[in-house]
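Input: a single structure, listed below in structure tokens.
2 protein chains.
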Amino acid sequence: MTTSDAPPLRADARRNRERIVAAARELFAEAGAGVPMEEIARRAQVGVGTLYRRFPERDELVRAVATDYIERLATLTRAAADEEPDAWRALRRLVRRFAEPQLGALSAALKVALPDAFIADPDLSQARLHWIAQVDELVHAAQADGALRPDVGTGDLILLISLLTCHLPELPVHLGRSLPARYLELTLDGLAAPSAAPLPGVPVAASDLGAASEGVTRGAT
Amino acid sequence: MTTSDAPPLRADARRNRERIVAAARELFAEAGAGVPMEEIARRAQVGVGTLYRRFPERDELVRAVATDYIERLATLTRAAADEEPDAWRALRRLVRRFAEPQLGALSAALKVALPDAFIADPDLSQARLHWIAQVDELVHAAQADGALRPDVGTGDLILLISLLTCHLPELPVHLGRSLPARYLELTLDGLAAPSAAPLPGVPVAASDLGAASEGVTRGAT
DNA sequence: CGTAAGCGGAAGCTGATCATCCGTTTGTGG
DNA sequence: CCACAAACGGATGATCAGCTTCCGCTTACG
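Here the protein sequences come in this chain order: C and X.
If you number the first sequence the way the numbering used here does, the last residue is 221 and the count never jumps.
If you number the second sequence the way the numbering used here does, the last residue is 1221 and the count never jumps.
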């Protein structure tokens, strides 16, 4: 796959590459995928030149981080599904994990819900869809059990996670850290609530997250 | 107050001023408070020069928009409180209003929850605090009635609104428009939920929204 | 050890946004 | 209806943040 041609990296080069990806992951989570390349280099304790040699354009770096990330999500999801026989419990466990900054904030930063870097790379794109399918399965099962309200879709779930974990840089740290956990929990309560009145609008299905970023572009003029 | 000294504006000037504020309000809601001055001028059908004469710096414009906005919020809140004898119903009505882009998106864009332009202008800052106090009153009343879960604070409510209405430019429009309404409603259900398990972390009180933007600044380096 | 791969970071480039300036247009009071 | 100050508009030049390149020095590896 990715480990194809090209002479294998020199030892120090490999080490630096990992450092860079790690730094990028942190910074993306902290400040969004738009952080200056130079800052990433600094955090990785590496010169900009090195960064550019390994990732000639930003997208490649983003994709490298995203690949790691999606794989991790898939693993977490499978684990949750395996360890919790009950779908709704599994789903809740999964959602709660997004309270961790490295999961939640990254989800928002990489716009997991809405392709972007994803469309470019077929492998990545497919991995993402696969993960979404995993979640979708849990969602349907939980709804079949009557534990999850029926008027929400998998897309809703994923969008909500993105919204609630999106980083508010202005917030005093001592508060900010714990908010995602609070709000995710609150949302879970809402998702379990006996839908007295159904939600307005249309559920966002898993499939709605697939094609996105078609005909988008900033409408204005 | 604001209508003080200085020879009264010429008729066309006054008209333009209003246009500018209106344009700014729209654009802030659509794309955040950072939109280029030039774009605001264009939307207002006015030259940049005109814009700069009236609002020599961006903050003044932001404050003009914010002043309007906060007043409107206060009015809405009072209206809700007056027309609905039940506090929780009033609160729900209020929250639902934020599904309107001009309310919700602006709330996020102006960072109503977290001062910014507010600190500079005492009047504005005070108006904001007054509004928050109004909401706070409803929150406490609703909690006293047992209709609103006790483990949330007014700050939580306001932050949630900001998060859920924050504009996702990448989202296909046909979906995006109706999402805030869905998610606010879902959250209301969560807020009313009998708190089986209390939320993790500490409630964010109204007073926590006051001092914010102290010792904030991006920690890194 | 010799060599090629890798490193770092100064320096120049670019596109975007700000903010000014001045010739032209337009209300308004007389 | 006129004269004049106020207001307009948008081209223009200044700024700036972030992107990339480039090249002399360093280091892993056979």
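Every residue, glycine too, gets a C-beta built ideally from N, C-alpha and C.
With H, G and I counted as helix, E and B as strand and the rest as coil, what does DSSP make of residue i?
i, result
"residue 177 of chain C", "coil"
"residue 1070 of chain X", "helix"
"residue 167 of chain C", "coil"
"residue 1182 of chain X", "helix"
"residue 81 of chain C", "helix"
"residue 1057 of chain X", "coil"
"residue 95 of chain C", "helix"
"residue 215 of chain C", "Low confidence applies to residue 215 of chain C: its pLDDT is 34, below 50, so where it sits in the model is not reliable enough to give any reading."
"residue 997 of chain X", "With chain X running from 1001 to 1221 in the structure shown, residue 997 of chain X is simply not present."
"residue 1065 of chain X", "helix"
"residue 161 of chain C", "helix"
"residue 51 of chain C", "helix"
"residue 76 of chain C", "helix"
"residue 188 of chain C", "helix"
"residue 1196 of chain X", "coil"
"residue 1209 of chain X", "helix"
"residue 1087 of chain X", "helix"
"residue 1116 of chain X", "coil"
"residue 44 of chain C", "helix"
Tell me, to the nearest whole angstrom, how far the beta carbon of residue i is from that of residue j; I am working on the premise that it is less than 8 Å.
i, j, result
"residue 27 of chain C", "residue 39 of chain C", "6 Å"
"residue 1013 of chain X", "residue 1043 of chain X", "So it is not a contact: roughly 18 Å between Cβ atoms."
"residue 11 of chain C", "residue 91 of chain C", "In fact, because the Cβ distance is near 43 Å, the residues do not count as touching under 8 Å."
"residue 1127 of chain X", "residue 1057 of chain X", "Not really, about 21 Å apart at Cβ, beyond 8 Å."
"residue 1151 of chain X", "residue 1199 of chain X", "5 Å"
"residue 33 of chain C", "residue 109 of chain C", "5 Å"
"residue 1054 of chain X", "residue 1017 of chain X", "5 Å"
State the start and end residues of the unbroken alpha helix (DSSP H) segment that holds residue i.
i, result
"residue 1036 of chain X", "Premise fails: residue 1036 of chain X is in no alpha helix (DSSP H) and is neither H nor E."
"residue 1012 of chain X", "1011 to 1031"
"residue 123 of chain C", "122 to 144"
"residue 1102 of chain X", "1101 to 1109"
"residue 1148 of chain X", "From DSSP, residue 1148 of chain X is part of no alpha helix (DSSP H); its letter is neither H nor E."
Could you tell me the alpha carbon to alpha carbon distance between residue i and residue j, rounded to whole angstroms?
i, j, result
"residue 65 of chain C", "residue 120 of chain C", "14 Å"
"residue 207 of chain C", "residue 1161 of chain X", "27 Å"
"residue 116 of chain C", "residue 1030 of chain X", "20 Å"
"residue 132 of chain C", "residue 154 of chain C", "8 Å"
"residue 1181 of chain X", "residue 147 of chain C", "23 Å"
"residue 1025 of chain X", "residue 168 of chain C", "22 Å"
"residue 1137 of chain X", "residue 1059 of chain X", "30 Å"
"residue 1129 of chain X", "residue 1210 of chain X", "7 Å"
"residue 992 of chain X", "residue 82 of chain C", "Examination of residue 992 of chain X is not possible in this model, given that chain X is present from 1001 through 1221 alone."
"residue 101 of chain C", "residue 1201 of chain X", "15 Å"
"residue 1145 of chain X", "residue 125 of chain C", "49 Å"
"residue 49 of chain C", "residue 1134 of chain X", "55 Å"
"residue 1157 of chain X", "residue 1203 of chain X", "10 Å"
"residue 245 of chain C", "residue 1191 of chain X", "Nothing can be reported for residue 245 of chain C: it is not among the residues displayed for chain C, which extend from 1 to 221."
"residue 1175 of chain X", "residue 1063 of chain X", "31 Å"
"residue 87 of chain C", "residue 111 of chain C", "25 Å"
Taking 7 Å as the limit between beta carbons, can you name the residues of its chain near residue i, skipping five residues before and five after?
i, result
"residue 96 of chain C", "184"
"residue 1093 of chain X", "1080 and 1084"
"residue 1187 of chain X", "1160 and 1164"
"residue 1103 of chain X", "1097"
Here's a check: name, in chain order, each residue in its chain whose Cβ is nearer than 6 Å to the Cβ of residue i, leaving out the five neighbours to either side.
i, result
"residue 159 of chain C", "113"
"residue 139 of chain C", "154"
"residue 1099 of chain X", "1180, 1181 and 1184"
"residue 1067 of chain X", "1124"
"residue 1074 of chain X", "1131"
Among the residues of its own chain, which have a CB less than 8 Å from the CB of residue i, if the five just before and after it don't count?
i, result
"residue 193 of chain C", "149"
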